[in-house]
Each structure stands twice: as structure tokens, then as C-alpha cells.
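Below you'll find the structure, written out as C-alpha cells, and then a few comments.
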Amino acid sequence: MKWGTIYGAGSAGVEFYDAFHAPGHVPAMKGDVDFYIRCARRFGGPVLELAAGISPGMVKVARGKAALAERDGLSGGIRFLRGDMTRFSLRRKFRFIYLPFRSFQSLHTIAEQRACLACVRRHLAPGGRFVLNIFDPKLEYCVPGRSKVISRYRKAVDRATGNVCRLEVEERHNDALRQILTEKWHFVVRDRRGKLLREDDRWLSIRWTYRWEMAHLLELCGFDAEACYGGFHGEAPAYGREQVWVAKKAR
Ligand SMILES: C[S@@+](CC[C@H](N)C(=O)[O-])C[C@H]1O[C@@H](n2cnc3c(N)ncnc32)[C@H](O)[C@@H]1O
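In the working numbering, the protein residues as written are 1 to 251.
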């Protein structure tokens, strides 16, 4: 494929990541940061967030979350570590590990998914909890081949520069056998007066995982799933919403 990924170097997607994705900006993720803060309070620290991202915009989002946690009386500092969530080895264990914002879906194969879950399990302290969020696939968007896109247009403004980034999701292709969707994201960046600064084409390729598949995967990888919510406010599981799993190590 000729374009880079939306998380790759130079992507307008990462340049505007905080403008598009700061806490509260994405309706499906509403309340996620408060939910993770409640979890941190309940399960205790130390806390490990996986896949925070490495671009300045993503680090800004992660710092924003840490500041909210601090505001809520949870402190202890924040450290960024660069690594791969399918093979990391840190010399400590965590009471709470979470993998937010559907990042698990960036893992395209069962082997990668299992490797990630094995790493998480190794790093969980006794009695610790793992929280994972993925979307619950809407089947009409998962038909083989070309399909409709769920949300076509979005716009974000970089508060520092006033530059405006308009995103159009131009096409979606589903590999229904591998459960991987690939979308072409077209970014157009203009300055505050409307002058075109750049255009950037990127692709997003993620794997969808069904609710029962995830339940079995967690069990296979040595976890007991305690809960699966349909959102970040304790909702019952619901088709086509979010999957928010809370799991602990199986004995
Ligand atoms: C949807 S973003 C989520 C970013 C951030 N956690 C948030 O909540 O805004 C997905 C992130 O997963 C990262 N990612 C994908 N595969 C990864 C891997 N194998 N190891 C670590 N991070 C990965 C991407 O680079 C990207 O930063």
C-alpha cells in the first residue's frame, strides 16, 4: 500500500492527535479517563498504561490524563517507556494495567494478541487487574470487501497555531477472513485564514474481535474475566458499543 499508517512519522493524524482525541473529544470514549481513574483508585498502584503513543500530541494526551489523575488525588509521577506491547519486560509488577482506546485492535494476529496478553499477565501484581477496551463490531460494516464507513468527516483545531485539520475517511475495505478493516484517511491542513498547508493520506488498519472471542482469548491466556461493560459507566454489554473488560489472573 502506498500510504503510511496514521501513527507513522510525519502523519497529520499524530500531529493533530491531541486535537482529535483529547479526553472527551470522541463520543464513544466519553468518560473513559474518569473510568480509568476510578479503576486506579480501586485497584491501586503502580499503574501501567500500554500504547500511550510516542508522538508529541499523544504524549500530551497521556500527560493530560496523568494531570487529571493527580487532580483526583492520585499521584506518584509519570514515566514514559518506549516499547512494544507484545514483548516488553519491566522489572516490576503493577496493580492496575490498562490498554485503552481500542489499541489492542492494532494487533493483527492471534499470535500478537496472545503475546500481548502474556506480557500483561507477567506484569500483573497479585490481586491486580487488567482493563482492556475494544469496540464491539457492527456487522453491517464488516462485510467482505468494500464497505460503508461509520463516520466520514471530522475536524480539529490546533489551539496553539489555530491550524485546522479536516479528516475525511474516504474508503473502507474489510478482510473478513482476518477480521481486519483498512480505512483510507485523507487529512487536509489549513491555516486560520484557510490557506492550504498540506494534504496527507494515511491508512488505519485494525482487527475487530467479537465479544465471545475476547472472552475465550482472555481465558486461554490465563485471565478470569470479572466484567465486560458496554461502555465506561458500567453499562450492560451491548451489540455495536464498546467492550470494556476487567480481568484478573486466573489461579
Ligand atoms: C488509538 S491509539 C491510542 C493512544 C492512547 N492510548 C489514547 O488513549 O489516546 C493506538 C496506539 O497504539 C499504539 N500501538 C499499536 N501497536 C502497538 C504495539 N505493538 N506496541 C505498542 N503500541 C502500539 C499506536 O502506535 C497508537 O499509539
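Where is the CB? At the ideal position from N, CA and C, for every residue including glycine.
From what residue to what residue does the beta strand (DSSP E) around residue i run?
i, result
"residue 88", "Neither: residue 88 is in no beta strand (DSSP E) and is coded neither H nor E."
"residue 267", "Absent from the structure is residue 267, since the part of the chain shown begins at 1 and ends at 251."
"residue 20", "Careful: residue 20 lies outside any beta strand (DSSP E), inside the alpha helix (DSSP H) at 17-21."
Tell me whether residue i, by its Cβ, gets closer than 8 Å to a heavy atom of ligand 1.
i, result
"residue 61", "yes"
"residue 201", "no"
"residue 81", "no"
"residue 106", "yes"
"residue 123", "no"
For residue i, name the three-state secondary structure that DSSP assigns.
i, result
"residue 97", "strand"
"residue 7", "coil"
"residue 30", "coil"
"residue 245", "strand"
"residue 56", "helix"
"residue 165", "strand"
"residue 78", "coil"
"residue 203", "strand"
"residue 181", "strand"
Along the chain, where does the alpha helix (DSSP H) containing residue i start, and where does it finish?
i, result
"residue 195", "Here residue 195 belongs to no alpha helix (DSSP H), and DSSP marks it neither H nor E."
With distances taken between CB atoms, is the gap from residue i to residue j smaller than 9 Å?
i, j, result
"residue 209", "residue 97", "no"
"residue 11", "residue 191", "no"
"residue 101", "residue 51", "yes"
"residue 22", "residue 40", "no"
"residue 158", "residue 165", "yes"
"residue 203", "residue 185", "yes"
Item checked: Ordered list of beta strand (DSSP E) runs contained in the region 114-146, each at least 3 residues -> 124-135
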